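Asks:
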Amino acid sequence: MWRKVSRAALVAAFYVAVTGVLAPISFGPVQLRLSEGLVLLPVLWPETIPGLWAGCMLANFLFGGLGPVDIFGGSAVTGLAAYLTWRLRRSVWLAGLPPVVLNGLIVGAYLSVLLDVPYLPTALSVGAGELAAVYGVGVPLVLALRPVLRTWPAR
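Counting in my numbering, the sequence shown runs from 5 upward without gaps.
#1: Measuring only the C-alpha atoms, how far is Gly140 from Gly41?
#2: Considering Ser160, what are the terminal residues of the alpha helix (DSSP H) in which it resides?
#3: Kindly indicate if chain B contains any beta-carbon less than 7 Å away from that of Ala127.
#4: Could you check if Arg159 is buried or exposed, using at least 16 other CB atoms within 10 Å of its CB as the buried criterion?
#5: With a cut-off of 8 Å on the beta carbons, I'd call Val73 and Leu118 a contact; round off their distance for me.
#6: Could you check where the alpha helix (DSSP H) with Ser116 kicks off and where it finishes?
#7: How many whole angstroms separate the CB atoms of Leu44 and Thr89, which I take to be in contact at a CB cut-off of 8 Å?
#8: Just to confirm the assignment, what range does the alpha helix (DSSP H) spanning Ser79 have?
#9: Can you say whether Ile53 is buried or exposed, counting buried as having 16 or more other CB atoms within 10 angstroms of its CB?
#10: How many angstroms separate the CA atom of Leu36 from the CA atom of Gly133?
#11: Put Leu2 into one of helix, strand or coil per three-state DSSP.
#12: Give the single residue among Ala63, Leu26, Leu98, Ile75 whose Cα lies nearest to the Cα of Val146.
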C-alpha cells in the first residue's frame, strides 16, 4: 500500500515541479503544460490518478493566479481525464484522447470566461497544447516504461 501512496505523491510532486518550472508556458489562453503528459501514467499505475489531481490542484494554486475555478475546475478535469485514461488503458493511443478533448472543451470554456477571450480559439489552443503534451510526452513515456516494468521483479 505504501508503495502506491508514495507513487501517487511522487507524481503529484513531479507535476507541480514541472508546471512551476515551465509556468510561463503552462498557463493562459495559449498554453503548453508539459506536465499534462503525466496524465497517461494511470495506464501503468491507477494509483497515480489522485496524484495527478492533487498535483494539478497544487500547481494551479501556487502558480496559476486564476482562483478557485482554475484550482478546483482544472484539477477536476485532470482527475477525470486521468481516470478515463485508466479506463482506456488497453490502447495508449486511445487513452490520450480524454485529456485532449476534456481540457480543450472544459478548460478552454472557463479560460475564455475568466480571461474574456473568444471560446473557440482558446479551446483549440488549449486542446493543441494538451495534444502536444499527451502525445509528445505522455505516450513516449508510457511506451518507454512498459518494457522496463515487465522486467522488474514483483514485490
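Even glycine gets a Cβ: it sits at the ideal position worked out from N, Cα and C.
These figures come from a predicted structure and were not determined experimentally.
Replies: Let's see:
#1: Taking the first residue of the sequence shown as position 1, residue 140 is located at position 136. Taking the first residue of the sequence shown as position 1, residue 41 is located at position 37. Computed Cα separation, rounded: 8 Å.
#2: The structure shown does not extend to residue 160, since the chain is modelled only from 5 through 159, so no value can be given for it.
#3: In the displayed structure, chain B is absent; only one protein chain is listed.
#4: To locate residue 159, count along the sequence shown from 1; it is residue 155. Note that Arg159 scores a pLDDT of 49, beneath 50, so its modelled location is shaky and nothing firm can be said.
#5: As a working note, residue 73 is residue 69 in the sequence shown. As a working note, residue 118 is residue 114 in the sequence shown. Rounded, the Cβ-Cβ distance is 6 Å, consistent with contact.
#6: Within the sequence shown, residue 116 is the residue found at index 112, counting from 1. Segment 112-118, the alpha helix (DSSP H) holding Ser116.
#7: Looking up residue 44 in the sequence shown gives position 40. Looking up residue 89 in the sequence shown gives position 85. Leu44 to Thr89, Cβ: 6 Å. Contact.
#8: Counting from one through the sequence shown, the residue named residue 79 turns up at place 75. Start and end: 79-91.
#9: Position 49 of the sequence shown holds residue 53. Ile53 should be labelled buried.
#10: Along the sequence shown, read from residue 1 onward, the residue named residue 36 stands at position 32. Along the sequence shown, read from residue 1 onward, the residue named residue 133 stands at position 129. So the two alpha carbons sit approximately 4 Å from each other.
#11: Residue coverage of the chain in this structure runs from 5 to 159, which leaves residue 2 outside it and unanswerable.
#12: Translated into the one-based positions of the sequence shown, residue 146 becomes position 142. Looking at the Cα atoms, Leu98 is the closest of the given residues.
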